[in-house]
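Asks: Quick note: the sequence shown, position 271, residue 315 per our numbering, numbers continuous.
I'd like to ask you about the structure that follows.
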Amino acid sequence: MLKVAIIGRPNVGKSTLFNRLVGKKLAIVHDKPGVTRDRKIARAKFKDLEFWVIDTAGYEYSTTDNMESRMWKQTQLAIQDADVCLFMFDARVGLQPHDELFADLVRRMNKPVLLLANKCEGKIPESLAMEAYKLGLGAPLAFSAVHGTGFDDLYLALLRKSEEKEEANNKEDTAEDDGNKPVQIAFVGRPNVGKSTLVNALLDDERMLTGPEAGMTRDAITTAWEWQGQKFQLVDTAGLRRQAKVNDTLEKMSVENTKYAANMAQVVVLVLDADAVLDKQDLTIARNVINEGRALVIAVNKWDIANRKETLEKLNYKLETSLTQVTGVPTVTISALKKEGLDKLMKAVLKVYKRWNTRIPTAPLNKWFADVQEQNPAPLGKNKRRIKLKYITQAKTRPPSFYVFSSNPEGLPESYLRYLTNSLRNTFDLGGIPLRLTVRKGDNPYADRKTN
Numbered sequence: 045m046l047k048v049a050i051i052g053r054p055n056v057g058k059s060t061l062f063n064r065l066v067g068k069k070l071a072i073v074h075d076k077p078g079v080t081r082d083r084k085i086a087r088a089k090f091k092d093l094e095f096w097v098i099d100t101a102g103y104e105y106s107t108t109d110n111m112e113s114r115m116w117k118q119t120q121l122a123i124q125d126a127d128v129c130l131f132m133f134d135a136r137v138g139l140q141p142h143d144e145l146f147a148d149l150v151r152r153m154n155k156p157v158l159l160l161a162n163k164c165e166g167k168i169p170e171s172l173a174m175e176a177y178k179l180g181l182g183a184p185l186a187f188s189a190v191h192g193t194g195f196d197d198l199y200l201a202l203l204r205k206s207e208e209k210e211e212a213n214n215k216e217d218t219a220e221d222d223g224n225k226p227v228q229i230a231f232v233g234r235p236n237v238g239k240s241t242l243v244n245a246l247l248d249d250e251r252m253l254t255g256p257e258a259g260m261t262r263d264a265i266t267t268a269w270e271w272q273g274q275k276f277q278l279v280d281t282a283g284l285r286r287q288a289k290v291n292d293t294l295e296k297m298s299v300e301n302t303k304y305a306a307n308m309a310q311v312v313v314l315v316l317d318a319d320a321v322l323d324k325q326d327l328t329i330a331r332n333v334i335n336e337g338r339a340l341v342i343a344v345n346k347w348d349i350a351n352r353k354e355t356l357e358k359l360n361y362k363l364e365t366s367l368t369q370v371t372g373v374p375t376v377t378i379s380a381l382k383k384e385g386l387d388k389l390m391k392a393v394l395k396v397y398k399r400w401n402t403r404i405p406t407a408p409l410n411k412w413f414a415d416v417q418e419q420n421p422a423p424l425g426k427n428k429r430r431i432k433l434k435y436i437t438q439a440k441t442r443p444p445s446f447y448v449f450s451s452n453p454e455g456l457p458e459s460y461l462r463y464l465t466n467s468l469r470n471t472f473d474l475g476g477i478p479l480r481l482t483v484r485k486g487d488n489p490y491a492d493r494k495t496n
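Have a look at this one:
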């Protein structure tokens, strides 16, 4: 499929156009310049035309090794990867020196470019049109990402580019799945624990912008990847600080973006700093993952410089005492910077993903149910009535969820429900994933209670 990169100075409307093309608010839009720092890729559908669209950081000139120079490197990679670039400038303020410098750099990269005079709800003033021609990128198109002006002309231009690519390649990469559905993994954690570095290490590419500055990642960035024949969608996310410390509006938007990405993922990798494993914020993140029904893997990063014995003792203690909702969470020690432990991490991800999809056959499930009651019968209920547990059935997977039918569901103590859950987890090797047990009376769907 066609790959389209949206490029230009900061705050000219690139992320607004990106969101409109993909039909979702995947990129954060804010009046503050420089919100987008990484390049974000998503599948777009524009009338009958499907293509990949890439949102990029705004170009800001810098000759030193700082955040701006690394943002420019990300934009360069996006341009190199694209089939056509949409160069946007702000028609309200006119062309700026950085527009001309950026246009010169883009021309040298020999990529087809469509010039969009954004925030232009009417006809382009003749003086601005003449000035735009000097960029050497062709005639500017009057355009408004917010109001939809110029979208028909943009569609026709992209359609022509798509047809040209199809003719040149003699086939279109439809990116259709062939039965091997990608596993979506979200990498979450506190700021500066190495999430972006880890994703880059897995991809073997400087895909994510990294650096010593905290809060480098703001958007949730999704990248397609394949490992040992299995397809994945890797989602890098913004760091999550304690809620009491989040006051900035922009950071609040990033936090919500991260939470949404984690909730939509199938497996969540909680990345920890080996020097501060499972602190209060880490535990909050882990509990939220479990409560949302996602599979969890813990990756202890920076293992190459860690006090290993002390770190493992602290990690095991915290897992046993503070994360009791789920036992058997896979923990893997890694060094994202040195690319160590990555295969172990991916094996753990696939193992917990398989557990998350587990469906237990009826015969062994009911045998377990009979055995567990024989070993430890249900006590008298809270209402002092005898409790008879009749049978159990699995309702669904992802995560595994079960109905327990009882003569007295209201009276079953929470402690016995936890006993059943832990026994089920241990018997069928379901560590690291949430389990849902709902107690019902007969076939009445309204008398239910749940536990994680």
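Every residue, glycine too, gets a C-beta built ideally from N, C-alpha and C.
1. So within the region 447-486, which uninterrupted beta strand (DSSP E) runs reach at least 3 residues, ignoring any that extend past its ends?
2. Per DSSP, SER445 is paired with what?
3. Answer yes or no: do ALA186 and CYS164 have a C-beta to C-beta separation smaller than 7 Å?
4. Excluding the 5 residues flanking ARG429 on each side, which residues of the same chain have their C-beta closer than 7 Å to its C-beta?
5. Roughly how far, in whole angstroms, is the beta-carbon of LEU535 from the beta-carbon of LEU202, given that I think they are within contact range, below 8 Å?
6. Can you tell which of TYR447, GLN274, ALA86 has the C-alpha that lies nearest to the C-alpha of VAL393?
7. Grab me the residues of THR375's own chain with a C-beta within less than 6 Å of its C-beta, minus the 5 sequence neighbours each way, in chain order.
8. Tell me the DSSP secondary structure of ASN420 in three-state form.
9. From the DSSP output, in three-state form, read off GLU250 for me.
10. Please classify VAL128 as buried or exposed, where buried requires at least 16 neighbouring CB atoms within 10 angstroms.
11. Taking the Cβ atom as the reference point for each residue, do ALA309 and ALA230 lie within a distance shorter than 7 Å?
12. Have a look at TYR361, ALA264, THR100 and flag the residue whose alpha-carbon is nearest the alpha-carbon of ASN307.
13. Give the secondary structure of ARG338 by DSSP, where H, G and I count as helix, E and B as strand, and everything else as coil.
14. What runs of the alpha helix (DSSP H), each 4 residues or longer, lie entirely inside the region 156-227?
15. Can you list, in chain order, the residues of its chain with a C-beta nearer than 7 Å to that of LEU386? Leave out the 5 residues immediately preceding and following it.
16. With distance defined between alpha-carbon atoms, name the residue in ASN466, PRO169, ALA282 nearest to GLN369.
17. Can you look up GLN272 in the DSSP assignment and give me helix, strand or coil?
18. For a test of the three-state rule: what should DSSP assign to THR302, helix, strand or coil?
19. Measure from the alpha carbon of ALA268 to the alpha carbon of each residue in PHE131, VAL396, TRP96, ASP197, then state which is nearest.
20. Check whether the region 396-411 touches the region 350-358, taking contact to mean three or more Cβ pairs, one atom from each stretch, closer than 8 Å.
21. Quick one: is PHE449 near chain B, going by C-beta distance under 7 Å?
22. Quick one: what does DSSP say MET390 is sitting in, helix, strand or coil?
23. Checking 7 Å against the spacing of the C-beta atoms, do ALA318 and TRP347 come in under that value?
24. What is the residue span of the alpha helix (DSSP H) that LYS358 lies within?
25. Pop quiz: LEU316 and ASN345 are said to be a contact at Cβ under 8 Å. What is the actual Cβ separation, rounded to whole angstroms?
26. In terms of residue numbering, what span does the alpha helix (DSSP H) encompassing ARG64 cover?
27. Going by DSSP, what residue range makes up the beta strand (DSSP E) through VAL315?
28. Given that a residue counts as buried once 16 or more other Cβ atoms are within 10 Å of its Cβ, and exposed if not, what is PHE140?
29. Quick one: give me the first and last residue of the alpha helix (DSSP H) that ARG152 is part of.
30. Taking the beta strand (DSSP E) that ALA84 belongs to, which residues open and close that run?
31. What's the gap between the Cα of VAL373 and the Cα of ILE477?
32. Helix or strand or just coil, what does DSSP make of THR406?
33. Got a sec? Which residues, its chain only, sit under 7 Å from GLY337 by beta carbon, not counting five neighbours each side?
34. In this structure, does DSSP put VAL376 in helix, strand or coil?
35. What residue does the beta strand (DSSP E) around TRP347 start on, and which one ends it?
36. Relative to the C-alpha of GLY283, which residue among VAL313, GLN272, THR471, GLU270 is closest?
Replies: In short:
1. 480-484
2. For this step, residue 445 is matched to residue 401 along the sequence shown. According to DSSP, which records beta bridges pairwise, SER445 is partnered with LYS440, ARG480.
3. Within the sequence shown, numbered from 1, the residue matching residue 186 stands at position 142. Within the sequence shown, numbered from 1, the residue matching residue 164 stands at position 120. Result yes, Cβ atoms of ALA186 and CYS164 sit closer than 7 Å.
4. On the sequence shown, residue 429 is found 385 positions in, with the first residue counted as 1. ASN452, GLY455.
5. What the structure shows of the chain is the stretch from 45 to 496, and residue 535 is not part of that stretch, so it cannot be assessed.
6. As a first step, residue 393 is located in the sequence shown; it is residue number 349 there, counting from the start. With distances taken between Cα atoms, VAL393 lies closest to GLN274.
7. Residue numbering aside, residue 375 sits at position 331 when the sequence shown is read from its first letter. Excluding residues within five positions, the ones whose Cβ falls inside 6 Å are ILE342.
8. In the sequence shown, residue 420 corresponds to position 376, counting from 1. Of the three classes helix, strand and coil, the one that applies to ASN420 here is coil, per DSSP.
9. Here residue 250 is taken as the residue at index 206 of the sequence shown, counted from 1. Coil.
10. Start at 1 with the first residue of the sequence shown, and residue 128 comes out as number 84. Label assigned to VAL128: buried.
11. Reading the sequence shown from its first residue, position 265 is the one you call residue 309. Reading the sequence shown from its first residue, position 186 is the one you call residue 230. Yes, the pair counts as a contact, with Cβ atoms nearer than the cut-off.
12. Reading the sequence shown from its first residue, position 263 is the one you call residue 307. Among TYR361, ALA264, THR100, the Cα nearest to that of ASN307 belongs to ALA264.
13. Indexing the sequence shown from 1 puts residue 338 at position 294. Reduced to three states, the DSSP call for ARG338 is coil.
14. 170-177, 195-213
15. Within the sequence shown, the letter at position 342 stands for residue 386. If we look at LEU386 and ignore the five residues flanking it on each side, its Cβ neighbours are ALA245, LEU246, ILE378.
16. Numbered from its first residue, the sequence shown carries residue 369 at position 325. Answer by Cα proximity: ASN466.
17. Taking the first residue of the sequence shown as position 1, residue 272 is located at position 228. Correct three-state label for GLN272: coil.
18. Working through the sequence shown from its first residue, we reach residue 302 at position 258. THR302 falls in the helix class under three-state DSSP.
19. What you label residue 268 is simply residue 224 of the sequence shown in a count that begins at 1. Out of PHE131, VAL396, TRP96, ASP197, TRP96 has the C-alpha closest to the C-alpha of ALA268.
20. no
21. In summary, chain B is missing from the structure at hand, where a single protein chain is found.
22. As a working note, residue 390 is residue 346 in the sequence shown. Note: MET390 maps to helix in three-state DSSP.
23. The count along the sequence shown starts at 1 and reaches residue 318 at position 274. The count along the sequence shown starts at 1 and reaches residue 347 at position 303. Yes.
24. The residue labelled residue 358 in the question sits at position 314 within the sequence shown. Looking at the DSSP string, the run of the alpha helix (DSSP H) that includes LYS358 is 352-366.
25. Translated into positions along the sequence shown, residue 316 becomes position 272. Translated into positions along the sequence shown, residue 345 becomes position 301. Rounded, the Cβ-Cβ distance is 6 Å, consistent with contact.
26. Within the sequence shown, numbered from 1, the residue matching residue 64 stands at position 20. First-last of the alpha helix (DSSP H) with ARG64: 58-66.
27. Within the sequence shown, the letter at position 271 stands for residue 315. That run of the beta strand (DSSP E) goes 311-317.
28. In the sequence shown, residue 140 corresponds to position 96, counting from 1. Looking at the sequence provided, one finds Gln at residue 140 rather than Phe. Label assigned to GLN140: exposed.
29. Residue mapping note: residue 152 aligns to position 108 of the sequence shown, counting from 1. Its alpha helix (DSSP H) spans residues 141-152.
30. Here residue 84 is taken as the residue at index 40 of the sequence shown, counted from 1. In the sequence as presented, Ala is not what sits at residue 84; that position holds Lys. Taken as a continuous stretch (DSSP letters only), the beta strand (DSSP E) holding LYS84 covers 84-90.
31. Counted from its first residue, the sequence shown places residue 373 at position 329. Counted from its first residue, the sequence shown places residue 477 at position 433. If you take the alpha carbons of VAL373 and ILE477, they lie about 7 Å apart.
32. Numbered from 1 along the sequence shown, position 362 holds the residue referred to as residue 406. It is helical.
33. In the sequence shown, counting from the first residue as 1, residue 337 sits at position 293. Closer than 7 Å at Cβ, skipping near neighbours: PRO443, PRO478.
34. For the purposes of this step, residue 376 is identified with residue 332 of the sequence shown, where counting begins at 1. VAL376: strand per DSSP, three-state reduction.
35. In the sequence shown, the residue the question calls residue 347 occupies position 303. No beta strand (DSSP E) contains TRP347, which DSSP labels as neither H nor E.
36. Translated into positions along the sequence shown, residue 283 becomes position 239. Looking at the Cα atoms, VAL313 is the closest of the given residues.
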